[in-house]
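Peer 1: Residue numbers (the UniProt record's numbering): 1 to 149. Cβ atoms here follow ideal geometry from the backbone N, Cα and C, with glycine treated the same way. Note that the structure is predicted; figures quoted are calculated from it, not measured. My questions will all concern the structure given below.
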């Protein structure tokens, strides 16, 4: 198997992973919408906007999951994922620095993680996105080279 094929397969795995991740987190938030909204109230900076945020975040997550479905929007999916995960990472850093009592609004296995665990997990996701961006650029560069020769 050549480097191009491996790169495509790794990129396909990254795509599938983020489709699952964003769909899972969005659906989980929608299913437990009242609980998610109630948890947002406990965060002083977000409390005034809890209803808006409780609807908007899962909608954004589903939108990003849809962006991952199409090759034409993969760059946008990667950058959107990076922005959302970076915002969430800043939120985690804030929680770690200023509070120990902010609840996690995650579901499933993720809810059992500590805030430091969340931070490490997000850093891993961000590294996957950076790898995906690199692979996408390499594949597109190779595609461009094949067209011009």
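1) What are the start and end residues of the alpha helix (DSSP H) that includes residue 17?
2) Should residue 114 go down as buried or exposed, given a rule of 16 or more other Cβ atoms within 10 Å for buried?
3) Count the other CB atoms within 10 Å of the CB of residue 64; is the residue buried (16 or more) or exposed (fewer)?
4) Tell me which same chain residues have a C-beta within less than 6 Å of the C-beta of residue 96, skipping the five on either side of it?
5) Exposed or buried, which one is residue 54 when buried takes at least 16 other CB atoms within 10 Å?
6) Express the C-alpha separation of residue 98 and residue 37 in angstroms, rounding to a whole number.
7) State yes or no: is the C-beta of residue 61 within less than 8 Å of the C-beta of residue 3?
8) Just the C-alpha distance for residue 81 and residue 35, rounded to the nearest angstrom, thanks.
9) If you count every other CB in all the chains shown that lies within 10 Å of the CB of residue 71, and 16 or more means buried, which is it?
10) Just verifying my parser: in three-state terms, what is the DSSP assignment at residue 44?
Peer 2: Taking the definition as stated:
1) Taking the chain shown and counting its residues from 1, the one referred to as residue 17 is at position 17. Segment 3-31, the alpha helix (DSSP H) holding residue 17.
2) Indexing the chain shown from 1 puts residue 114 at position 114. With fewer than 16 Cβ atoms within 10 Å of its Cβ, residue 114 is classed as exposed.
3) By one-based count along the chain shown, residue 64 stands at place 64. Buried, by the Cβ-count rule.
4) Here the question's residue 96 lines up with position 96 in the chain shown. For residue 96, where only same-chain residues beyond five positions count, the Cβ hits under 6 Å are 115.
5) As a first step, residue 54 is located in the chain shown; it is residue number 54 there, counting from the start. Per the 10 Å Cβ criterion, buried.
6) Taking the chain shown and counting its residues from 1, one reaches residue 37 at position 37. Taking the chain shown and counting its residues from 1, one reaches residue 98 at position 98. One C-alpha to the other measures close to 21 Å.
7) For the purposes of this step, residue 61 is taken as the residue at position 61 of the chain shown. For the purposes of this step, residue 3 is taken as the residue at position 3 of the chain shown. No.
8) Numbered from 1 along the chain shown, position 81 holds the residue referred to as residue 81. Numbered from 1 along the chain shown, position 35 holds the residue referred to as residue 35. Straight-line Cα distance between these residues: approximately 24 Å.
9) Locating residue 71 in the chain shown gives position 71, counting from the first residue. Its Cβ having fewer than 16 others within 10 Å, residue 71 is exposed.
10) Position 44 of the chain shown, counted from the first residue, corresponds to residue 44. Residue 44 falls in the coil class under three-state DSSP.
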